[in-house]
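Visitor: The structure is given below, and queries will be raised subsequently.
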Amino acid sequence: MIQPDQWREILHETILYGMLFKAIALDAESLNQDQLKMSYRPMMDTVSMWAERKHHEYRNQFGRMGGTIHIQKTTDGFLYSVVVTVRGRQEECLYNVSHLKAECQVRLNNYLYDAKQRVNGHA
Numbered sequence: 039m040i041q042p043d044q045w046r047e048i049l050h051e052t053i054l055y056g057m058l059f060k061a062i063a064l065d066a067e068s069l070n071q072d073q074l075k076m077s078y079r080p081m082m083d084t085v086s087m088w089a090e091r092k093h094h095e096y097r098n099q100f101g102r103m104g105g106t107i108h109i110q111k112t113t114d115g116f117l118y119s120v121v122v123t124v125r126g127r128q129e130e131c132l133y134n135v136s137h138l139k140a141e142c143q144v145r146l147n148n149y150l151y152d153a154k155q156r157v158n159g160h161a
């Protein structure tokens, strides 16, 4: 059974993974601008695709819970505003941009740690 406020957690993960895959794609573009000794694009693409897949999984789950995301924006660089409708009720959720970035970094670090464990045969 779905908890009454579980949609907030699902929305939060949707936002995080959406920000993460977009940030990785932008960083990959920046790396393409520089003269590097190696190409890191395949690695960046793999991580970006993983984050995008997670984003779509959470977004679909949010939709199955009766949620629709209408607006996502930051107005001042400090707050990230998301307007959603959940089961017929419109809600505005506000997030601290710095906290979202830190949480994205945690998700990325966990992904890299898990990938390293798989390579080393621990998972």
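In my numbering, the protein residues as written are 39 to 161. Think of the CB as a built atom: it goes at the ideal place given N, C-alpha and C, for glycine as much as any other residue.
Can you check which of these residues, L74, V122 and M76, is closest to R97 by C-alpha distance?
Guide: As a first step, residue 97 must be located in the sequence shown, where it is residue number 59. When only C-alpha atoms are compared, the closest one is V122.
Visitor: Run through DSSP, which three-state label would S86 get?
Guide: One-based indexing of the sequence shown puts residue 86 at position 48. In the structure shown, S86 sits in a helix (DSSP, three-state: H, G or I).
Visitor: Using a 10 Å radius around the Cβ and a threshold of 16 neighbouring Cβ atoms, would you call E51 buried or exposed?
Guide: Counting from one through the sequence shown, the residue named residue 51 turns up at place 13. The residue is buried, with at least 16 neighbouring Cβ atoms inside 10 Å.
Visitor: Grab the span of the beta strand (DSSP E) containing G159 for me, first residue to last.
Guide: Within the sequence shown, numbered from 1, the residue matching residue 159 stands at position 121. Where G159 is concerned, there is no enclosing beta strand (DSSP E), given that its DSSP letter is neither H nor E.
Visitor: Using a 10 Å radius around the Cβ and a threshold of 16 neighbouring Cβ atoms, would you call F116 buried or exposed?
Guide: Along the sequence shown, one-based indexing puts residue 116 at 78. Per the 10 Å Cβ criterion, exposed.
Visitor: Return yes when the Cβ of I53 is within less than 9 Å of the Cβ of Q110, no when it is not.
Guide: For the purposes of this step, residue 110 is taken as residue 72 along the sequence shown, with counting starting at 1. For the purposes of this step, residue 53 is taken as residue 15 along the sequence shown, with counting starting at 1. Cβ distance < 9 Å, so Q110 and I53 count as in contact.
Visitor: Can you name, in chain order, every residue of its own chain whose Cβ lies under 7 Å from the Cβ of A89, other than the five neighbours on each side?
Guide: Position 51 of the sequence shown, counted from the start, is the residue given in the question as residue 89. These residues qualify, in order along the chain: Y55, L58, F59 and I62.
Visitor: Secondary structure at Y96, three-state DSSP: helix, strand or coil?
Guide: The residue given as residue 96 occupies position 58 in the sequence shown. Here Y96 sits in helix by DSSP.
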